[in-house]
Amino acid sequence: MDLLALADFSLVARYGGFGRAARAAGRPKATLSRRVAELEAALELRLFERGGRTLKLTEEGRALFERTGALLTELDETAAAIASGGDRPRGKLRVSAPLLFSQTAMGKLAAGFALKYPEVRLEVTTEDRKVDMVEEGYDLVIRVNPAPDESLVGRILLRDRLVVVASPGLARPADNRAVPAVVRGAGDRTAAWDVVAPAGRSRIVVDPVLRLSSLVMVRDAVRAGVGAGRLPISLVSHDLAVGTLVHWGDVDGPDIALWTLYPSRRLLSARVSAFLDYLKEAFPMGKPDELAAYIGA
């Protein structure tokens with residue numbers, strides 16, 4: 034197989050079109066089109082469905098891109114490392130991270146990493162949705178309790194747990210009356226929270242009086258006394274320590290696990306390995322109090 038033609042195909046697939054790929058690489062569009070056509074002819078496969086204004090990978094094209102894209106990247110990085118006299122981290126590193134972790138910790142992490150590895154161009158995108166790493170060009174993603182994915186491998190970065198907290202001025206009802214609650218998102222229709230406290234298990238009936246889109250907003254509203262809230266312990270540790278909030282109990286259920294995920298290939302790029310090591314240095318034990326101390330919560 035012609036590796037140069039394969040590289041041109043991967044370039045077009047990554048950018049989703051001949052024009053965008055040509056502009057990004059500074060190459061003639063006609064050359065890229067010809068090289069891809071030659072590769073299709075050699076493989077006797079159609080790799081792209083070509084429409085009037087659209088270009089879409091065929092099933093065979095997607096399989097080829099997914100299986101060879103990472104290998105081509107590794108070849109480029111190996112050649113660059115050899116040419117520069119070492120395997121130091123360099124190049125673009127794209128990371129997708131969830132909203133709360135990005136809001137509280139990622140800015141500080143990204144800045145520290147950029148200072149330590151100035152030849153790496155780190156780009157962090159904040160989103161809670163599941164992303165396609167190959168299709169969207171991410172090198173690493175950070176996710177909360179991700180579903181198993183055979184195409185990815187990963188490790189737990191941090192563990193956390195949910196607690197029910199409220200301002201000192203909001204008394205917990207002694208009977209089954211509902212307590213005003215601040216919840217995240219319009220989709221949370223939970224009518225009660227099951228909690229575990231030193232006194233045992235109990236149920237808190239809730240009346241959602243405020244729905245907010247981020248947990249930082251929920252914490253701030255709970256601080257203001259609007260209602261009780263379910264929040265990660267790392268986000269409210271400082272409030273509990275100084276008495277700004279009081280602890281009503283731990284939410285009954287599994288802990289929160291924050292994972293780092295990356296493509297399941299034998300060799301990671303130097304920049305991905307460096308970023309994983311940097312995260313491990315920041316949170317060596319992966320405990321909630323480490324994250325709380327890091328973000329000053």
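Take the sequence shown: its letters are residues 34 to 330, numbered as in my numbering. All C-beta atoms in this analysis are idealised placements derived from N, C-alpha and C, irrespective of residue type, glycine included. Owing to the predicted nature of the structure, the values given are computational and were not obtained by experimental measurement.
- The residues Arg-244, in chain order, have a CB closer than 8 Å to that of Ala-219 in the same chain once the five nearest residues on each side in sequence are set aside.
- Contact between Gly-282 and Val-228 is confirmed by a C-beta separation of about 3 Å, below the 8 Å threshold.
- With respect to Leu-105, Ala-147 sits apart: the two C-beta atoms are not nearer than 8 Å.
- A check of alpha carbon separations from Ala-57 across Val-45, Arg-67 and Arg-68 identifies Val-45 as the nearest.
- Burial is judged here by how many other beta carbons sit within 10 angstroms of a residue's own beta carbon; Gly-94 has at least 16 and is buried.
- The Cβ atoms of Pro-131 and Ile-175 lie closer than 8 Å to each other.
- As a beta-bridge residue in DSSP terms, Trp-292 pairs with Arg-176 and Ile-189.
- Secondary structure of Arg-205 (DSSP, three-state): coil.
- Between Leu-294 and Leu-173, the gap from beta carbon to beta carbon is short of 8 Å.
- Scanning Pro-61, Lys-89, Asp-240 and Lys-149 for the CA closest to the CA of Asp-310 turns up Lys-149.
- Following the DSSP letters along the chain, one finds Ser-66 inside the alpha helix (DSSP H) bounded by residues 62-76.
- In this chain, the beta strand (DSSP E) harbouring Ser-235 covers 233-245.
- Pairing Arg-210 with Leu-248, the inter-Cα distance amounts to about 25 Å.
- Apart from the 5 residues on each side of it in sequence, Phe-134 sits with its Cβ closer than 7 Å to the Cβ of Ile-175 and Leu-291 in its chain, given in chain order.
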